[in-house]
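Residue numbers (the numbering used here): 11 to 366.
C-beta: ideal position from N, C-alpha, C; glycine also.
Since we're looking at a predicted model, the values are computed, not measured.
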Ligand code: ADP
Ligand code: MG
């Protein structure tokens with residue numbers, strides 16, 4: 011059985027909207043109105059934007075530009091479809107094994123960003139794992155079996171990111187290993203979300219919140235007297251349509267990104283196989299049900315949430331405690347919940363509120 015993420019994302023969006031409507035006592039209420047809109051298509055998910063603006067027209071323009079930007083990045087980072095005139099990931103994967111091929115600057119920038127992040131990610135998140143991930147993708151799409159380990163092991167021989175030669179000046183990418191494939195799914199949505207947030211923060215509607223299927227990016231605080239946005243943490247163990255929340259994080263000008271085993275998975279003989287693959291076992295990792303990361307940059311939050319999902323709690327906790335400006339909330343495989351001290355200070359259950 012294959013479960014589409016879209017419905018789950020809709021639930022997450024509704025959850026977010028409910029959260030942002032937590033009752034409040036207005037202090038310093040401005041003349042701005044709250045507007046919201048939703049679109050579907052980019053990054054295979056429902057994306058919503060809520061913003062405070064003086065005029066509806068301001069919101070409508072910001073919304074249209076945000077949608078355009080997400081669609082633009084989606085085409086560039088799409089590993090499965092070609093688009094006329096776009097040197098996207100699909101084209102790079104298809105031709106870069108034969109020699110250097112032109113790649114869109116936005117793709118080159120993301121690939122270089124991931125080279126930079128590599129040491130931080132403890133070899134857990136590797137965008138060169140594409141051959142293994144596309145094999146899982148094929149099996150998940152059919153939904154009847156899991157890939158044989160021998161096949162995965164053979165593909166894993168071709169996953170060295172050092173074999174990806176990026177020439178920023180020439181605008182090209184070359185795979186020194188012709189069997190290598192790239193997959194930027196662990197970070198692309200967050201990277202695009204951050205670019206959208208940059209544009210909004212520099213425009214006429216800097217008070218906003220974007221929700222893009224597990225990736226939330228908050229702009230300036232809501233202009234209605236509250237000091238923070240409320241971002242719900244979904245309970246990964248409840249039925250998605252019940253939309254049960256474990257807690258609410260109160261924050262602004264921050265990203266809140268969740269990686270979970272409930273977002274995209276399929277079942278074979280009663281066992282669930284989700285989409286985040288442990289590079290050692292080449293199978294879905296089983297340390298966590300979900301990990302939520304709070305940090306300013308959405309791309310970093312996205313890469314880190316996938317990384318923490320692939321680390322046992324103790325290792326993840328040590329990494330989180332070593333990072334400045336990064337807070338984490340874990341729901342372990344046994345259902346137990348842990349969070350960093352800084353995360354605790356932002357949680358509704360620990361006394362935080364949108365007003366303080
Ligand atoms: P989501 O895409 O559901 O928001 P994540 O950000 O955690 O969740 O990214 C999961 C995606 O990352 C997978 O769909 C796949 O494309 C990719 N991926 C899975 N495992 C790895 C890995 N070990 N290294 C790099 N990318 C991975
Ligand atoms: Mg991620």
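Report whether the distance from the Cβ of residue 223 to the nearest heavy atom of the ligand ADP is below 7 Å.
With a cut-off of 7 Å, the C-beta of residue 223 is classified as near the ligand ADP, since at least one heavy atom of the ligand falls inside that distance.
By the three-class DSSP mapping on this structure, what secondary structure does residue 330 have?
helix
Measure the C-alpha to C-alpha separation of residue 117 and residue 298 and round it to an integer number of angstroms.
30 Å
So is the beta-carbon of residue 273 under 7 Å away from any non-hydrogen atom of the ligand ADP?
yes
CA-to-CA distance, residue 314 to residue 341, given in whole angstroms:
15 Å
Would you call the region 240-251 and the region 266-277 touching, i.e. three or more CB-CB distances under 8 Å?
Enough Cβ pairs lie closer than 8 Å, so yes.
How would you call residue 168, buried or exposed, if buried means at least 16 neighbouring beta carbons within 10 angstroms?
Buried.
Is any heavy atom of the ligand MG found at a distance shorter than 7 Å from the C-beta of residue 312?
Indeed, a heavy atom of the ligand MG lies less than 7 Å from the Cβ.
Once DSSP output is grouped into helix, strand and coil, what is the label at residue 135?
Coil, per DSSP.
Please name the residue, chosen from 61, 180, 50, 41, that lies closest to residue 227 on a Cα-to-Cα basis.
61
Quick check on residue 281: buried or exposed, where buried means 16 or more other Cβ atoms within 10 Å of its Cβ?
Residue environment analysis places residue 281 among the exposed positions, since fewer than 16 neighbouring C-beta atoms fall within 10 angstroms of its C-beta.
Mark residue 115 as exposed unless 16 or more other C-beta atoms lie within 10 angstroms of its C-beta, in which case mark it buried.
exposed
From residue 149 to residue 233, what does the alpha carbon distance come to, in whole angstroms?
47 Å
Counting only the same chain and skipping the five closest in sequence on each side, list residues whose C-beta sits under 8 Å from that of residue 170.
138, 187, 190
Rounded C-alpha distance that separates residue 47 from residue 309:
Spanning the two alpha carbons is a distance of roughly 23 Å.
Cα-Cα separation, residue 216 to residue 108:
45 Å
Contact set for residue 44: own chain, Cβ-Cβ below 6 Å, skip 5 residues either direction
62
Would you give the residue range spanned by the beta strand (DSSP E) that residue 264 belongs to?
Where residue 264 is concerned, there is no enclosing beta strand (DSSP E), given that its DSSP letter is neither H nor E.
Please find out if some non-hydrogen atom of the ligand MG comes closer than 7 Å to the beta-carbon of residue 197.
yes
Using only the heavy atoms of the ligand PLP, determine whether one of them is closer than 7 Å to the beta carbon of residue 115.
You won't find the ligand PLP in this model; what it holds is the ligand ADP and the ligand MG.
Below 8 Å, how does it come out for the region 323-331 and the region 206-213: are there three or more Cβ pairs, yes or no?
Using a Cβ-Cβ distance cut-off of 8 Å, the region 323-331 and the region 206-213 are not in contact, since fewer than three pairs of beta carbons, one from each stretch, lie closer than that value.
Check whether the Cβ of residue 315 sits closer than 7 Å to any heavy atom of the ligand MG, and report yes or no.
yes
Thinking C-alpha only, which one of 261, 224, 131, 66 is nearest residue 364?
261
For residue 103, which of 93, 296, 279, 140 has the nearest alpha-carbon?
140
What are the boundary residues of the beta strand (DSSP E) that includes residue 282?
In the DSSP annotation of this structure, the continuous segment of the beta strand (DSSP E) that includes residue 282 starts and ends at 281-284.
Could you have a look at residue 51 and say whether DSSP puts it in helix, strand or coil?
Here residue 51 sits in coil by DSSP.
Relative to the C-alpha of residue 155, which residue among 284, 366, 106 is closest?
284
Enumerate in chain order the residues of its own chain whose CB-to-CB distance from residue 17 is below 8 Å, with the five nearest sequence positions on each side excluded.
Unreliable placement is indicated for residue 17, whose pLDDT of 38 sits below 50; the coordinate value is still reported in the next sentence. Excluding residues within five positions, the ones whose Cβ falls inside 8 Å are 250, 251.
Own chain residues within Cβ distance below 7 Å of residue 64, not counting five before or after
41, 42
Terminal residues of the beta strand (DSSP E) in which residue 339 lies
337-342
May I ask you to report which of helix, strand or coil DSSP gives residue 30?
Any answer about residue 30 is weak, because its pLDDT of 41 lies below 50 and its placement is not dependable; what the coordinates show is given next. Three-state result, residue 30: coil.
Along the chain, where does the beta strand (DSSP E) that runs through residue 244 open and close?
239-244
At a cut-off of 7 Å, would you count residue 217 as near the ligand MG, judging by its Cβ distance to the nearest heavy atom?
no
Alpha carbon to alpha carbon, what distance is there between residue 147 and residue 401?
Because residue 401 is not part of the residues shown, which for the chain are 11 to 366, the question remains open.
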